[in-house]
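A.B. asks: Sending over a structure as structure tokens; questions will come in a sec.
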Amino acid sequence: FSIEIVSTIIFALEYSLRLWSSVESDSENSQPIRTRIRYALSPLAIVDLLAFLPSILQLLFPGIDLRFLRVLRLLRVFKLTRYFSSFELLLNVLYEERKNLAGIFVLLLVILTLAASALYLVERDIQPDKFGSIPQAMWWAIAALTTVGYGDVYPLSPAGQILGSLVTIVGIGMVALPSGILASAFSEQTRRKRESLQLVIDDALIDGNIDATEQKSIEEIGASLGLSDEQIVDLVKHSRTIVGLAQDQHLEK
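Numbering (UniProt numbering), first residue to last: 1 to 253.
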């Protein structure tokens, strides 16, 4: 209970400080109250609020049954996206590939419905208790398409077994599709960020010196890529060497 109180106080203080200081990062220079309202309605701010709100309500109203609000405490896990850049990168990848993933999901639903319908027609007379309807057959279709294969329900007729084999083979490809799309998008996102980091470093080294603003930009992009300070310093040194060689070659000409 004491851990719950301490964590609630910490989360409430963090939310209050973020809400109060949100005007400092406002690029539109609007009124402070509007800026704070806009911040309070942002997805991350709502997650922050729901992380401690159930505990405060339970402390203020101990006699009221608020057990359903305890589920909202699980939203504290989403606060990790603030502190781990990999989570943010993953969310960006999911957002960018949302249309492709939605298309795969729709295709999966179509195949699922067709497989369940076909097996229902083949097995309904042999196993009416397990394949008596299309919704019942969908349980088998889900297990076959995801290649889980629980074994509690399976076709007995030769036609059903052939159909089951085909559905399992199709399922292997369907499971691999989202993984390939996400892996490719993750790699592309990382490549673009590395290129933007390299461009910022190269632009900063044009005058031979990196000022405070340029250093902050370099550190922010490097942090989003999960690079350590040593790795960023190595990149800057490498860029200095390349820029120096290019300048020497230009002078020789």
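No residue lacks a Cβ here, since even glycine has one placed at the ideal position from N, Cα and C.
1) By alpha-carbon positions, which one of I37, V236, V47 and I9 ends up nearest to W20?
2) Using only alpha-carbon positions, find the residue among S179, L182, G171 and E219 that is nearest to A112.
3) Excluding the five sequence neighbours on either side, which residues of its own chain have a C-beta within less than 8 Å of the C-beta of Q189, listed in chain order?
4) Between L197 and I218, how many whole angstroms is the CB-CB distance? I'm expecting something under 8 Å.
5) For G173, report the span of its alpha helix (DSSP H) as first-last.
6) Starting from S2, follow the alpha helix (DSSP H) in both directions and report where the run begins and ends.
7) For F8, which of F52, M138 and W140 has the nearest alpha-carbon?
8) Is the beta carbon of A143 less than 8 Å from the beta carbon of A115?
9) Within 10 angstroms of its Cβ, does H250 collect 16 or more other Cβ (buried), or is it exposed?
10) Look up Y154 in the DSSP assignment and say whether it is helix, strand or coil.
11) So, for E14: in the same chain, excluding its five sequence neighbours on each side, which residues have a beta-carbon less than 8 Å away from its beta-carbon?
12) Quick one: what's got a C-beta closer than 7 Å to Q161's C-beta in the same chain, skipping five residues either side?
13) Spatial neighbours of E230 within its chain, please: CB distance less than 6 Å, with the 5 preceding and 5 following residues excluded, ordered by chain position.
14) Figure out for me which residue from I10, S157 and S187 has the closest Cα to the Cα of residue 257.
15) Taking 7 Å as the limit between beta carbons, can you name the residues of its chain near Q247, skipping five residues before and five after?
16) Apart from the five residues just before and just after D203, which ones in its own chain have a Cβ nearer than 8 Å to its Cβ?
17) Could you give the DSSP three-state label for R240: helix, strand or coil?
18) According to DSSP, is G222 part of a helix, a strand, or is it coil?
19) What would DSSP say about F87, mapped onto helix, strand or coil?
20) Please classify V148 as buried or exposed, where buried requires at least 16 other C-beta atoms within 10 Å of its C-beta.
21) Can you give me the C-alpha to C-alpha distance between S117 and P43, rounded to a whole angstrom?
22) Measure from the alpha carbon of residue 293 to the alpha carbon of each residue in V167, R34 and S184, then state which is nearest.
C.D. replies: Let me spell this out:
1) Distances from the alpha-carbon of W20 to those of I37, V236, V47 and I9 put I37 closest.
2) Checking the sequence, you will find Leu at residue 112 rather than Ala. Among S179, L182, G171 and E219, the Cα nearest to that of L112 belongs to G171.
3) Cβ-Cβ distances below 8 Å link Q189 to L89, N92, V93 and E96 in the same chain, with the five nearest sequence neighbours on each side left out; the list follows chain order.
4) The distance from the Cβ of L197 to that of I218 is about 7 Å, consistent with a contact at the 8 Å cut-off.
5) It spans P158 to A204 - the alpha helix (DSSP H) in which G173 sits, taken as one unbroken run.
6) From DSSP, the alpha helix (DSSP H) with S2 extends over S2 to S21.
7) The question names Phe, but residue 8 is Thr in the sequence shown. T8 has its Cα closest to that of F52, out of F52, M138 and W140.
8) No, the Cβ-Cβ distance between A143 and A115 is not below 8 Å.
9) Unreliable positioning characterises H250 in this predicted model, as indicated by a pLDDT of 46, which lies under 50. The coordinate reading is nonetheless provided below. Looking at its Cβ environment, which holds fewer than 16 other Cβ atoms inside 10 Å, H250 is exposed.
10) In this structure, Y154 counts as coil in the three-state DSSP scheme.
11) So the list reads D48, once near-sequence residues are dropped.
12) The residues are P155.
13) Spatial neighbours of E230 in its own chain (CB-CB distance under 6 Å, excluding positions within 5 residues in sequence) are not present.
14) With the chain covering 1 to 253 only, the question about residue 257 has no answer from this structure.
15) With a pLDDT of 47 at Q247, under the threshold of 50, the predicted position of this residue should be treated as unreliable, and no value is reported.
16) Within the same chain, D203 has close Cβ partners E214.
17) In the structure shown, R240 adopts helical secondary structure according to DSSP, grouped into three states.
18) DSSP places G222 in helix when its eight states are reduced to three.
19) It is helical.
20) The residue is exposed, with fewer than 16 neighbouring Cβ atoms inside 10 Å.
21) Answer to the nearest angstrom: the Cα atoms are 41 Å apart.
22) An answer regarding residue 293 cannot be provided, because it is not within the stretch 1 to 253 covered by the chain.
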